[in-house]
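Using this note's numbering, the first residue of the sequence shown is number 108, and each one after it goes up by one.
For every residue, glycine included, the Cβ atom is placed at its ideal position computed from N, Cα and C.
In what follows, a single structure is set out as structure tokens and then discussed.
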Amino acid sequence: MVGDVWQWTEDCYAESYANAPTDGSASEAGKDCLRVDRGGSWLYSSWLLRSATRERNPAGYRDVIMGLRLAKTLQGTERPAPASAPQAQQPPAARVIDLKTSDGTVLKGSYFAAAKPGPGVLLLHQINRTRKAWDDLGAQLAAAGINTLTLDLRGFGESGGPPYDKATSEGMSQQRKMWPGDIDVVWQYLVSQPGVKRDVIGVGGAGALGVDNSVETARRHSAEVKSLVLLSRETLQDGLQFLRQAAQLPELFVVADDDEYPPTVEAMELLYVTASNPGKKFVHYSASQDAPWIWYEPFDIGKVPANGSHGTDLFKIHPELSGIIVDWFVTTLIKTPGHAPADTVASAPILNQIRMPGGVAQVTQQLTEARRRDPKAQLFPEITVSIIGQDHMRAGEPKLALEIFKLNLLAYPWSADANDNLADAYLADGQKDLARQYAEKALALLDSHAAPASSWTDTEPYRGEIRRDAQKILKKLSERQR
């Protein structure tokens, strides 16, 4: 019914739901109450057509775009009994699977199915661990709506093939050549499962074994892989070239200073600076000193004592890490598939360019071109560019601030905060009509509740701050007309 006509409700309008009744009754506010109408109408833009869009009017107001919904109380009860609190659902146990490769080798995996259709994630272990190191994370991802598959690579854990730790150097080399084909067998299993969105897949890997194979898997399936999580190691030249070119792929990098295989920190930093996605994120656990170099990870099974700071071992020392990864995959696979919020550090070259002479025009062109390829592309964080613009305002440079705020609004047109900032700059520059236009737009966006107040916060106190500032602008303009 959304988008037909505005729907009257019995509620009196309030800025927030903080004091709203919890028993299903209407919110009343005395004789001066403005009644809430919801949902937009055929006359409004499509982005306003949602049940969260709110307006308010006197009860006697009439218009061809206003209507109502009829409801009937069930006989014998004035109001439905409150529903009991839902019981937390335990994630289903992993399903152990056997998959046969082209040469007959049987691979062992664990499949964590989500309760409803959603994206998929493939997790690859490090050289001194097996798929079981991912068990807790796999269950958490499934509970969050992400179908997850973990794998024992050939020669590891319960999978077939000669044990990797007993192989000669030539044998190890032969097994490594088989891994891409093995992983693709597992990939096909994952994307063929009922409920898995085969074009929205994430890949995660730990250590030299997992990281390099994760990047190579993303390279082979670049159209389907929408997110990468890489823990504690490097990839090779082809992988680095892929990360440099895959500007559309958001990546999460994780490393600890005291990783037992130095120089893992420097290797991960190289991955990070090579990757070109503006939403990439770097989680760096600091330590007072680095671990000493003892031996090479790719050839180590038990030669280097584990200290808990490499790959999936980090989960025990840093229990919050699994939540960080779950949140990352939920953001980049469910909320905004293939996109992560632009990060200030990741977008440092763009931010520096904005501050150079002619930089705003150059970045505007870059954003326009990026949006042609991907309409949801973002090159910089809204709040960081807002800070740059506010610096110009404080320095008494409204014209420079105007250019910054126009760029920010181009990137975040639905942001009430961005519209309000532009209104402030127009007012400071003496452009009254434009100041009024953008102040009113900021208020309309706040009233509609069609989008967050900004990309970086949507708290009621901040919404109130934007509202007060926009109203202050309109008041000043009104006083100047007298």
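Inter-residue CB distance, Leu428 and Lys388 (contact presumed, cutoff 8 angstroms): Translated into the one-based positions of the sequence shown, residue 428 becomes position 321. Translated into the one-based positions of the sequence shown, residue 388 becomes position 281. So it is not a contact: roughly 12 angstroms between Cβ atoms.
Sequence-distant residues of the same chain with beta carbon closer than 6 angstroms to Val292, five excluded per side: One-based indexing of the sequence shown puts residue 292 at position 185. Hits under 6 angstroms: Leu206 and Thr208.
Residues that Cys119 bridges to, as DSSP identifies them: What you label residue 119 is simply residue 12 of the sequence shown in a count that begins at 1. Note: Cys119 sits in a beta bridge opposite Arg142.
Gly288 in three-state terms, based on DSSP: As a working note, residue 288 is residue 181 in the sequence shown. The DSSP-derived three-state label of Gly288 is helix.
N-terminal and C-terminal residue of the alpha helix (DSSP H) that Arg575 is part of: What you label residue 575 is simply residue 468 of the sequence shown in a count that begins at 1. Glu567 to Gln588 is the span of the alpha helix (DSSP H), which, as asked, contains Arg575.
Proximity winner among Glu510, Lys513, Pro559 and Ser454, relative to Pro488 (alpha-carbon distances): Indexing the sequence shown from 1 puts residue 488 at position 381. The residue among Glu510, Lys513, Pro559 and Ser454 with its C-alpha nearest the C-alpha of Pro488 is Ser454.
Straight-line gap, Pro231 to Thr257 (C-alpha atoms, nearest Å): Counting from 1 along the sequence shown, the entry for residue 231 is found at position 124. Counting from 1 along the sequence shown, the entry for residue 257 is found at position 150. The identity of residue 231 in the sequence shown is Leu, whereas the question assumes Pro. The straight-line gap separating the alpha-carbon atoms of Leu231 and Thr257 is approximately 6 angstroms.
Range of the contiguous beta strand (DSSP E) that encloses Pro226: On the sequence shown, residue 226 is found 119 positions in, with the first residue counted as 1. From DSSP, the beta strand (DSSP E) with Pro226 extends over Gly225 to Leu231.
His499 in three-state terms, based on DSSP: Translated into the one-based positions of the sequence shown, residue 499 becomes position 392. Here His499 sits in helix by DSSP.
Asp259 in three-state terms, based on DSSP: In the sequence shown, counting from the first residue as 1, residue 259 sits at position 152. It is a strand residue.
Rounded separation between Gln472 and Leu458 - CA only: As a first step, residue 472 is located in the sequence shown; it is residue number 365 there, counting from the start. As a first step, residue 458 is located in the sequence shown; it is residue number 351 there, counting from the start. Rounded to whole angstroms, Gln472 to Leu458 spans 14 angstroms at the Cα level.
Anticipated Cβ contact below 8 angstroms, Asp289 with Arg326, distance rounded: Taking the first residue of the sequence shown as position 1, residue 289 is located at position 182. Taking the first residue of the sequence shown as position 1, residue 326 is located at position 219. Between Arg326 and Asp289 the Cβ distance is about 16 angstroms, and since that is not below 8 angstroms, they are no contact.
C-alpha distance - Ala484 paired with Arg462, whole-angstrom precision: Start at 1 with the first residue of the sequence shown, and residue 484 comes out as number 377. Start at 1 with the first residue of the sequence shown, and residue 462 comes out as number 355. Here the alpha carbons of Arg462 and Ala484 stand approximately 21 angstroms from one another.
Ser585 burial status per 10 Å Cβ neighbour count (16 or more: buried): What you label residue 585 is simply residue 478 of the sequence shown in a count that begins at 1. Exposure of Ser585 is indicated by the presence of fewer than 16 other C-beta atoms within 10 angstroms of its C-beta.
Own chain partners of Asp118 with C-beta closer than 6 angstroms, once the 5 adjacent residues on each side are dropped: Stepping through the sequence shown from its first residue, residue 118 is reached at position 11. Result list for Asp118: Ala133, Ser134 and Val143, in chain order.
Neighbourhood of Asp481 by C-beta, 7 angstroms cutoff - its chain only, sequence neighbours within 5 removed: What you label residue 481 is simply residue 374 of the sequence shown in a count that begins at 1. Gln355, listed in sequence order.
is_contact[Ala453, chain D] using C-beta, thresh 9 angstroms: Absent from the structure is chain D; it holds one protein chain and no more.
Inter-residue spacing [alpha-carbon to alpha-carbon] between Val390 and Leu440: Start at 1 with the first residue of the sequence shown, and residue 390 comes out as number 283. Start at 1 with the first residue of the sequence shown, and residue 440 comes out as number 333. Each residue's Cα considered, the two are about 19 angstroms apart.
Reference Ala315; option with closest CA among Leu297, Tyr271, Ala121 and Thr371: Here residue 315 refers to the residue found at position 208 of the sequence shown. Of Leu297, Tyr271, Ala121 and Thr371, the residue nearest in Cα terms is Thr371.
N-terminal and C-terminal residue of the alpha helix (DSSP H) that Asn528 is part of: Within the sequence shown, numbered from 1, the residue matching residue 528 stands at position 421. Going by DSSP, Asn528 is part of the alpha helix (DSSP H) stretching over Ala523 to Ala535.
Close Cβ partners of Val307 (< 7 angstroms) along its chain, the five nearest in sequence each way excluded: Counting from one through the sequence shown, the residue named residue 307 turns up at place 200. Closer than 7 angstroms at the Cβ level, and outside the excluded window around Val307, lie Pro226, Lys333, Leu440 and Pro444.
The region 266 to 284 touching the region 241 to 249, judged by at least three CB pairs closer than 8 angstroms: These segments do not touch.
First and last residue of the uninterrupted beta strand (DSSP E) at Asn459: Within the sequence shown, residue 459 is the residue found at index 352, counting from 1. For Asn459, no beta strand (DSSP E) run applies; the uninterrupted alpha helix (DSSP H) run containing it begins and ends at Ala455 to Ile461, by DSSP.
Cβ-Cβ distance between Gly309 and Leu229 below 9 angstroms: As a first step, residue 309 is located in the sequence shown; it is residue number 202 there, counting from the start. As a first step, residue 229 is located in the sequence shown; it is residue number 122 there, counting from the start. Judged by beta-carbon spacing, Leu229 lies within the 9 angstroms limit of Gly309, meaning their Cβ atoms are closer than that value.
Closest Cα partner of Gly147 within the set Gly174, Arg169 and Trp113: The sequence position of residue 147 within the sequence shown is 40, counting from 1. Comparing Cα-Cα distances from Gly147 to each of Gly174, Arg169 and Trp113, the minimum goes to Trp113.
CA-to-CA distance, Asp434 to Asn526, given in whole angstroms: Along the sequence shown, read from residue 1 onward, the residue named residue 526 stands at position 419. Along the sequence shown, read from residue 1 onward, the residue named residue 434 stands at position 327. The alpha-carbon separation between Asn526 and Asp434 amounts to approximately 29 angstroms.
Inter-residue CB distance, Val470 and Leu541 (contact presumed, cutoff 8 angstroms): To locate residue 470, count along the sequence shown from 1; it is residue 363. To locate residue 541, count along the sequence shown from 1; it is residue 434. Contact flag wrong, Cβ pair sits at about 22 angstroms.
Nearest-angstrom beta carbon gap, Tyr533 and Glu509 [assumed within contact, 8 angstroms]: Along the sequence shown, one-based indexing puts residue 509 at 402. Along the sequence shown, one-based indexing puts residue 533 at 426. It is Leu, not Glu, that sits at residue 509 in the sequence shown. Taking C-beta atoms under 8 angstroms as the contact rule, Leu509 and Tyr533 qualify, at a distance of about 7 angstroms.
Close-in-space but distant-in-sequence residues of the same chain around Ala192 (CB under 6 angstroms, 5 per side omitted): Within the sequence shown, residue 192 is the residue found at index 85, counting from 1. Confidence at Ala192 is low in this model, with a pLDDT of 43, below 50, so its placement is unreliable and no value can be given for it.
Under the three-state DSSP convention, the category Leu623 falls into: Coverage of the chain is limited to positions 108 through 589, which leaves residue 623 absent and any answer about it impossible.
Expected contact under 8 angstroms - CB spacing of Val361 and Leu338 to nearest Å: The residue you call residue 361 lines up with position 254 of the sequence shown. The residue you call residue 338 lines up with position 231 of the sequence shown. With a Cβ gap of about 5 angstroms, Val361 and Leu338 count as contacting.
C-alpha gap between Met173 and Arg161, whole angstroms: Taking the sequence shown and counting its residues from 1, one reaches residue 173 at position 66. Taking the sequence shown and counting its residues from 1, one reaches residue 161 at position 54. Rounded to whole angstroms, the separation of the alpha carbons of Arg161 and Met173 is 13 angstroms.
Per-residue burial, Pro357 [other beta carbons within 10 Å of its own, 16 or more giving buried]: Indexing the sequence shown from 1 puts residue 357 at position 250. Pro357 counts as buried, since at least 16 other C-beta atoms from the protein chains shown sit within 10 angstroms of its C-beta.
Where Leu359 sits in the DSSP three-state scheme: Here the question's residue 359 lines up with position 252 in the sequence shown. Strand.
Beta-carbon proximity list for Pro437, same chain, < 8 angstroms, skipping 5 on both sides: Indexing the sequence shown from 1 puts residue 437 at position 330. For clarity, residue 437 is Val in the given sequence; the question names Pro instead. These residues qualify, in order along the chain: Ala251, Gly252 and Ile253.
Per DSSP, the bridge partner or partners of Gly309: Numbered from 1 along the sequence shown, position 202 holds the residue referred to as residue 309. Bridge partners of Gly309: Val228 and Ser334.
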